[in-house]
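Data first, discussion second: the structure below is written as structure tokens.
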Amino acid sequence: MAKKDERLPKKIYEKELFRLQAQLVTLQEWVRQEGARVVVVFEGRDAAGKGSTIKRVTQYLNPRIARIAALPAPTERQRGQWYFQRYVEHLPAAGEIVLFDRSWYNRAGVERVMGFCTKEEYQRFLSQAPTFERMLVEDGILLRKYWFSVSDAEQERRFRSRLEDPMRRWKLSPMDLESISRWEDYSRAKDDMFVHTDIPEAPWYVVESEDKRSARINMIAHLLSTIPYHEVQRRPLELPPRPAAKGYERPPRELQTYVPDHAASLS
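Okay, so the sequence shown: first residue is 23 according to the working numbering, each after it adds one.
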């Protein structure tokens, strides 16, 4: 468990995070201009910090260029499709970045452990996933896969913190709590997944996440280091002069419905 005084100091964290986020904006402009396609897969233990890292990655990015794919449970129709089919439609077009908050690796983790897929479906996934990812890479997609690792003690601490916090209680589900009693099952599933899908074309990168601040910094810095982006020269913009008024008159305020001034009641 990461003790409070062992965490990356807040001032250092915030300064470096902002620097890295500025580089992410530079990366975004490079992706847009070059027509690159970037896919980042976030996987790992429940409460390992995937969601909070994704928030920091996208904080200053254009949602039209960098979007998050967090798919719900498959519909009945999707269950009758090729397993990877519903993920394919979320892949980026030229000039886009897609961050998968959980991905096709659901089948190697929760579906296997909780019995939501058959043994045949699971084995087929382990066989097809490397081929699927090689096809993505061969087609020019920049694919990065991150596994967020956290200890059982730290995971339980974070679960308890969420349980006691009414603003974050929604993050807990019965499925999350199952991960406590099935810790070793998930560990074996992760180990088997790595054996079959940690391939040279799309390796797994493990992010130690006992300290969330360090995990975010490390993950973002690594992502930036693996993509050959560069500063893009943009045409300078200038505000045009405001034209002279031509007689426009605003309608009377009483004809419109305004929200109540709640802010004024606070002082």
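Every residue gets a Cβ at the ideal spot worked out from N, C-alpha and C, and that includes glycine.
*Give every residue of the same chain whose Cβ lies closer than 8 Å to the Cβ of residue 184, excluding the five residues on either side of it in the sequence, and list them in chain order.*
69, 190, 191, 193 and 194
*In whole angstroms, what is the alpha-carbon distance linking residue 161 and residue 287?*
Answer to the nearest angstrom: the Cα atoms are 58 Å apart.
_Beta-bridge partners of residue 90, as assigned by DSSP_ = Paired residue(s): 121.
*Mind checking residue 283: buried by the 16 CB within 10 Å criterion, or exposed?*
exposed
*Assign residue 40 to buried or exposed, taking buried as 16 or more other Cβ atoms, counted over all protein chains shown, within 10 Å of its Cβ.*
exposed
*asked:* Quick check: the Cα distance between residue 97 and residue 87, rounded to an integer number of angstroms?
replied: 27 Å
*For residue 34, collect the residues of the same chain with a Cβ closer than 8 Å to its Cβ; drop the 5 residues on either side in sequence, then sort them by chain order.*
none
*residue 138 and residue 105: beta carbons closer than 8 Å?*
No, the pair does not count as a contact, with Cβ atoms beyond the cut-off.
_Where residue 66 sits in the DSSP three-state scheme_ = strand
_Can you find the residues in the same chain that come closer than 7 Å, C-beta to C-beta, to residue 243, ignoring five residues on each side of it along the sequence?_
Result list for residue 243: 42, in chain order.
*Would you mind listing the beta strand (DSSP E) stretches within the segment 105-173 that are 3+ residues and don't spill past its ends, in chain order?*
Counting only runs of 3 or more, we get 118-123 and 164-171.
*CB residue 176 to CB residue 232, shorter than 8 Å?*
yes
*Check each candidate in 31, 58 and 107 and name the one with the smallest Cα separation from residue 249.*
Checking every option, the nearest Cα to that of residue 249 belongs to 58.
*asked:* Relative to the C-alpha of residue 47, which candidate in 163, 56, 235 and 80 has its C-alpha closest?
replied: Looking from the CA of residue 47, the closest CA among 163, 56, 235 and 80 belongs to 80.
_Sequence-distant residues of its chain with Cβ nearer than 8 Å to residue 76 (five each side left out)_ = 64, 90, 121 and 123
_Cβ-based burial, residue 125 [other Cβ within 10 Å; buried from 16]_ = buried
*Alpha-carbon to alpha-carbon, residue 236 and residue 103*: 39 Å
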